[in-house]
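Following: one structure in structure tokens, then a few remarks.
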Amino acid sequence: MPENLPIVEQTLEQLGADTPERVAALFAKVRSEFDQAVTAVSDEVSWHVLRDGWLGRKAGVLALVTDNWLKPSGPAMKPAVGRGLNELRGHVESAIEERRKQIEAQAAERAAAAERIDFSLPGVERALGTRHLVRQTLEEIERIFLRLGFAVVDGPEIETPYYNFEALNMPEFHPARDMWDTFYVDTPAPNQLVLRTHTSPMQIRTMERQPPPVRVIVPGKVYRRDNPDASHLFMFHQIEGLAVDNDITFADFKGTIEFFVHEFLGKSARTRLRPSYFPFTEPSAEVDATCIVCSGRGCRVCKQTGWLEIMGAGMVDPAVYGFVGYDPKKVSGFAFGMGVDRLAILKYGIDDIQVLMQNDVRFLRQFP
Ligand code: FA5
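So this is what it looks like as structure tokens:
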């Protein structure tokens, strides 16, 4: 109950209101108190206080007027009191309702103003993403081989042992399978699947699909159970190369690789071939490039040798042609498989291959 309205705590008798005029004067006083109170209401909270103070069932002003003025009054005064009370109630209820609408409208207006867009404000600058360094390297290598007339093809990352091993001249139990520590997919025995350990299965799939001549590169992910260290990942990228035609020689291979290394690492980079072994090439070689971190002087990245191995390669073993229906007496060719992640760290002088997979934006931002 509003503090400045003690009159509603008293009866009409106590107030000495014994004529309809005096009663009307009392109602007028109450009404003017209310009018002041309702204009002072400015928000939802003070509106609730006003409503409870005036319309509250037990202690609201109107309830007190009913209890203290109307109920105790005798038949002579009752009609005047009743009329006064009805008028007051009608006025109070409609004014309170009116005020509620005003307050709601004001709140809605404020919310709309807060949402209004100021087109003159400067925009929020969003950092543009960049292609990952490995992807950039893949694409750069692709461009070099596209210029040499190679086509780019894709292949599945989940392979059958037939393509990953057998057709590459490694029958079951062939010891060379141990060269690649393999992830096996959990499938029932006769339908064994592996995560490809290299991109070489695509040599077979490509030759199965088309007659010679073939000139393709195959970029993609490969998987091995290798322990990660500064030069090893268990998921990395290779680019397979395959060129098969009537009279391709080892000299063609050397020329192609030298061209590639000069384009990719620069004219001062040199290559060397070391004899090696792969079941699907004969002869086989490993290709080293001069370490560009130390220009061949020897450093941590090249383990003090001055050279970094960048690919395995060789002339396609005639036995492989048997798996794809090519005539080994008519065709010859070379194949190679290069480690893209290794080439990326070599080119950019990164001393730990694992940063390529950590996706630390502070690292990635250095290669816009
Ligand atoms: C192969 O995978 C053969 N398929 C390559 C090949 C293709 C030979 C065609 C002949 C003809 P190798 O296991 O050496 O070979 O891997 C090729 C390259 O992949 C390596 O030179 C190296 O650059 C890269 N590499 C190998 N293991 C890892 C690894 N754990 N992490 C990152 N790069 C690797």
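Under the numbering used here, the residues of the sequence shown are numbered 347 to 714, in order. Heads up, the beta-carbon is just placed ideally off N, CA and C, and yes, glycines get one too. From a predicted model like this one, the values you see are computed outputs, not experimental measurements.
When every heavy atom of ligand 1 is checked, does at least one fall within less than 7 Å of the C-beta of residue 544?
yes
Going by the C-beta, is residue 627 closer than 7 Å to any heavy atom of ligand 2?
You won't find ligand 2 in this model; what it holds is ligand 1.
Suppose you measure from the CA of residue 562 to the CA of residue 470; what does that come to, to the nearest Å?
45 Å
In terms of residues, what are the limits of the alpha helix (DSSP H) holding residue 358?
358 to 361
For residue 572, verify whether its CB is less than 7 Å away from any heavy atom of ligand 1.
yes
By the three-class DSSP mapping on this structure, what secondary structure does residue 438 have?
helix
Can you list, in chain order, the residues of its chain whose CB lies under 6 Å from that of residue 491, leaving out five sequence neighbours each side?
563
Distance check for residue 606 and residue 493, CA to CA, integer angstroms please.
10 Å
Between residue 689 and residue 624, which are expected to be in contact by the criterion C-beta below 8 Å, what is the C-beta distance as a whole number of angstroms?
So it is not a contact: roughly 19 Å between Cβ atoms.
Is it buried or exposed, residue 380, if we count other Cβ atoms within 10 angstroms and call 16 or more buried?
buried
Output the boundary residues of the beta strand (DSSP E) element that contains residue 565.
Unbroken beta strand (DSSP E) run through residue 565: 560 to 569.
So, at 6 Å on beta carbons, what are the nonlocal neighbours of residue 406 in its own chain, with the 5 sequence-adjacent residues on each side left out?
400
In chain order, what are the residue ranges of uninterrupted alpha helix (DSSP H) at least 4 long that sit wholly in the segment 430 to 499?
479 to 493
For residue 483, which option in 706, 702 and 707 has the closest C-alpha, if you only look at C-alpha atoms?
702
Near residue 698, what residues of its chain come up, given a Cβ to Cβ distance below 6 Å and the 5 sequence neighbours on each side ignored?
576
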